[in-house]
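Below: the structure, in structure tokens.
Residue numbers (the numbering used here): 64 to 493.
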């Protein structure tokens, strides 16, 4: 079994961390326990050149960082060397059926040579130099057609499919059916990325999605956000193995998820007016902000209600497993009453990862008793509650991340005046 996060970005994308280098991605993936990581941004010439320089071929269709670039600082000696698969995101903005469509697509490719060829073709259509996630006036259908022509072995996966502004099913600029987006090429779409504001049970409500594999990725805009969502794979560590798992589900064991309420578009709302509403509440207001009387941003929960043909709680046969987690740094912060950015929290994180195991091992499998003896009662209790799903959830809305609480105020000393932790991602757009 290994963990794969296939959708990330480089420092060449807008609003991303300067620390998104191959060296830092390799180091951070090792700390977190991510075995396979997307490169992100394959269309950007400077990033592609850096990948050519710093990566070396490993298993079929995969790469790893060259030894001379690897840092052992903070890395456990037994941690496996992370692999990279060529990936990138395209923003398609175009007009179809009298409406402006804005849809993001994740593309996975067998190697950097395919990335070079596909990028050369896309450069004839639009500017791929100014942003690692280029904006092209190209329909999703035509993008898929070009990819299949240039690189038949590639995979196109609709990204974060429910995000209101930039996705296939987005309330503001998307479609109601996969076929409306991809037309006769729909059979070449085998998987969809569910995004931070939804989880598998929410997507199970649409029978139209039964034929697609549900995958989850971080869409990280900084190294710290790697793995906040990921995939659990039990297949050959190769591009062919990955492709088969994504296209058939064979070897795709399940996903690691955000609590969907943490996503910043879970409920309807209007951030300027601090208004957050459930779908039922938003319907009572006619989709209009009760403060400023402007249109609310429809959240993912409401949008799924619109398209769903099954009730909440429906469980399909053959469903994949999923686990809802939050980053270890945030668990430590919540369990100690400090900020995740505080020096003490950072020190405790490094100590735990160095002495206990990778972040995913600590969050998922290391015995609670072992964590308690190492890091104390509160941190181990926070992880126990997280594993059991015993959390209080305050939904995100209109670009505002949700809040997850592990403890009540009377359960913990509060040295920094902060009880709950907010899943904040200053470099994220999803």
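Backbone N, C-alpha and C fix where the C-beta goes; we use that ideal spot for every residue, glycine too.
Contact between the segment 166-180 and the segment 141-157 is present: 3 or more CB-CB pairs across the two stretches fall below 8 Å.
Taken through DSSP and simplified to helix, strand or coil, residue 106 comes out as coil.
In the structure shown, the three-state DSSP call for residue 429 is coil. The continuous beta strand (DSSP E) containing residue 331 extends over residues 331-333. Taking 9 Å as the cut-off, the beta carbon of residue 321 is found closer than this to the beta carbon of residue 387.
Contact check for residue 173 and residue 302: beta-carbon distance about 5 Å, within the 8 Å limit, so the pair qualifies. At the C-beta level, residue 456 and residue 431 stay beyond 9 Å of one another. If you check the CB distance, residue 440 and residue 415 do not come in under 9 Å. Per the C-alpha coordinates, the member of 117, 461, 146 positioned closest to residue 299 is 146. Taking all protein chains in view, the Cβ of residue 297 is surrounded by fewer than 16 other Cβ atoms within 10 Å, so the residue is classified as exposed.
About 13 Å separates the Cβ atoms of residue 367 and residue 231, ruling out a contact at the 8 Å cut-off. If you look at residue 127, you'll find it in the beta strand (DSSP E) that goes 126-128. Taking 9 Å as the cut-off, the Cβ atoms of residue 362 and residue 236 do not count as close.
Across the structure, residue 227 and residue 233 are spaced so that their CA atoms are roughly 4 Å apart.
Listed in chain order, the non-local C-beta contacts of residue 315 below 7 Å within the same chain comprise 276, 294, 296, 308, 309, 383, local neighbours out to five positions each way being set aside. Around residue 95, the same chain offers 289, 290, 421, 422, 423 as residues with beta carbons nearer than 7 Å, after the five sequence neighbours per side are excluded. Within the model, the alpha-carbon separation for residue 333 versus residue 109 is close to 38 Å. Where residue 318 is concerned, there is no enclosing alpha helix (DSSP H), although the beta strand (DSSP E) around it starts and stops at 315-320.
Burial is judged here by how many other beta carbons sit within 10 angstroms of a residue's own beta carbon; residue 117 has at least 16 and is buried. Bounds of the beta strand (DSSP E) holding residue 171 are 162-172. In this structure, residue 460 places its C-beta atom within 9 Å of the C-beta atom of residue 327. Within the segment 429-462, the complete alpha helix (DSSP H) segments at least 4 residues long are 431-438, 440-451, listed from N- to C-terminus. One Cα belongs to residue 120, the other to residue 353, and the distance between them is close to 57 Å. Of the residues assessed, residue 124 falls on the buried side of the cut-off, its CB having 16 or more other CB atoms within 10 angstroms. DSSP, reduced to helix, strand and coil, places residue 304 within a helical segment of the structure shown. Within its own chain, the residues whose Cβ lies closer than 6 Å to the Cβ of residue 122, once the five positions on either side in sequence are excluded, are 300, 301, listed in chain order.
Non-local beta-carbon contacts of residue 273 in its own chain, meaning distances under 8 Å to residues more than five positions away in sequence, involve 379 in chain order.
In its chain, beyond the 5 residues on either side, no residue has a beta carbon closer than 6 Å to the beta carbon of residue 404.
In the structure shown, residue 336 adopts helical secondary structure according to DSSP, grouped into three states. Note that the C-beta distance between residue 343 and residue 282 is not below 9 Å. By alpha-carbon distance to residue 450, the top candidate from 435, 465, 428 is 428. Counting of Cβ neighbours within 10 angstroms places residue 85 among the buried residues, the total reaching 16 or more.
About 14 Å separates the beta carbons of residue 425 and residue 408, which is beyond the 8 Å limit, so they are not a contact pair. Residue 400 and residue 475 do touch by the CB rule: their CB atoms are close to 5 Å apart, below 8 Å. Sixteen is the threshold: since fewer than 16 other Cβ atoms of the shown chains lie within 10 Å of the Cβ of residue 313, the residue is exposed. Between residue 319 and residue 278 a beta carbon distance of about 11 Å is seen, past the 8 Å cut, so the two are scored as non-contacting.
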